[in-house]
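Heads up: the structure comes next, in structure tokens.
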Amino acid sequence: MSFIVAIDGPAGSGKGTVTELVCKKLNLINISTGAAYRSVALATLQNNISSDDTNKIIELLDKIDIEFRKENDKDLVYLNGEEVTKRIRQKDVTSIVSKVSSIKEVRLKLNKIFKKIAENKNVIMEGRDIGTCVFPKADVKIYLDASIEERAKRRVKQNEELGINIPYEEIKKDIQKRDEADKNKKIGALKKADDAIYIDSSNMTIEEVTDKIVEIIKNKMT
Ligand code: DC
337 MSFIVAIDGP AGSGKGTVTE LVCKKLNLIN ISTGAAYRSV ALATLQNNIS
387 SDDTNKIIEL LDKIDIEFRK ENDKDLVYLN GEEVTKRIRQ KDVTSIVSKV
437 SSIKEVRLKL NKIFKKIAEN KNVIMEGRDI GTCVFPKADV KIYLDASIEE
487 RAKRRVKQNE ELGINIPYEE IKKDIQKRDE ADKNKKIGAL KKADDAIYID
537 SSNMTIEEVT DKIVEIIKNK MT
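Each residue of the sequence shown is one higher than the one before, counting from 337 in the numbering used here.
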């Protein structure tokens, strides 16, 4: 048996941070599906493949191994045995990830991986299409949102903590562009599932959002 929580929402909505905290409180496994898409984008760059070259990216999929590992209480991402958790947050990866993630074959491969990881486990999977496409029958579905200004502010802070310095205006523009691309994807588009609980976190602290989601999950688990 597995218990699946799907958290979807746009870039910078706080999904990643909140998911990490909720997982710790409830002892659930944390799967960031965006990190997997970012890893495919990184592999594309590492192999000098243009993000427009769909066929080459599809060929590359057979040579990609993505792993989520927990080490010293930290969630780490490995691409072909190399730890890439920080690397996949860099600008070059971010700027092509929407394009790479709009390729049908990429989504099919990653969705298979996500389903396998969740087998017989209790997980929170966060992304864009988890409640709509990957786990339409998830036990709990949340759609986490926030205003564009708030999301850009949060991303700047998060980057700073990782030692990455990108100015606010640049981040805001990039998020707007990604929102547009994410919402207009032919498959796996960012969309609130009809039965997802909508949370606007613009004026909420991380702790408030975390507590709210913990309460929703606890109610469903008992
Ligand atoms: O959550 P994130 O910013 O790390 O996600 C990176 C990109 O991956 C995002 O621009 C869209 C894509 N993505 C997706 O298409 N489907 C998902 N389930 C998760 C992310």
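We put the CB at the ideal spot given by N, CA and C, even for glycine.
Indicate whether residue i and residue j have their beta-carbon atoms separated by less than 8 Å.
i: residue 463; j: residue 388; result: no
i: residue 450; j: residue 542; result: no
i: residue 500; j: residue 426; result: yes
i: residue 527; j: residue 438; result: no
i: residue 517; j: residue 434; result: yes
i: residue 611; j: residue 535; result: Examination of residue 611 is not possible in this model, given that the chain is present from 337 through 558 alone.
Taking 7 Å as the cut-off, does the CB of residue i come closer than this to any heavy atom belonging to the ligand DC?
i: residue 465; result: yes
i: residue 434; result: yes
i: residue 538; result: no
i: residue 487; result: no
i: residue 499; result: no
i: residue 405; result: no
i: residue 350; result: no
i: residue 390; result: no
i: residue 380; result: no
i: residue 431; result: no
i: residue 479; result: no
i: residue 532; result: no
i: residue 414; result: no
i: residue 514; result: yes
i: residue 423; result: no
i: residue 304; result: Here the chain covers residues 337 to 558 and nothing more, so residue 304 does not appear.
What residue does the alpha helix (DSSP H) around residue i start on, and which one ends it?
i: residue 370; result: 369-382
i: residue 495; result: 484-497
i: residue 559; result: The requested residue 559 is not part of the displayed model; the chain covers only 337 to 558.
i: residue 420; result: Unbroken run through residue 420: none, as it is neither H nor E.
i: residue 393; result: 390-396
On a CA-only basis, which of the options is nearest residue i? Give me that one, please.
i: residue 350; options: 386, 404, 480; result: 480
i: residue 371; options: 403, 467, 506; result: 403
i: residue 373; options: 354, 357, 505, 448; result: 448
i: residue 409; options: 379, 416, 357; result: 357
i: residue 531; options: 521, 477, 411, 485; result: 477
i: residue 442; options: 503, 487, 527, 379; result: 379
i: residue 489; options: 498, 475, 505; result: 505
i: residue 396; options: 469, 551, 523, 445; result: 445
i: residue 470; options: 525, 363, 337; result: 525
i: residue 519; options: 503, 537, 347, 337; result: 347
i: residue 492; options: 482, 503, 428; result: 503
i: residue 340; options: 460, 537, 406, 381; result: 460
i: residue 559; options: 483, 509, 342; result: Outside the shown range of the chain (337 to 558) lies residue 559, about which nothing can therefore be said.
Just to confirm the assignment, what range does the beta strand (DSSP E) spanning residue i have?
i: residue 411; result: 410-415
i: residue 342; result: 339-344
i: residue 557; result: Here residue 557 belongs to no beta strand (DSSP E); instead the alpha helix (DSSP H) covers 542-557.
Within the 8 Å Cβ cut-off, does residue i reach chain C?
i: residue 377; result: Protein chains in the displayed structure number just one, and chain C is not present.
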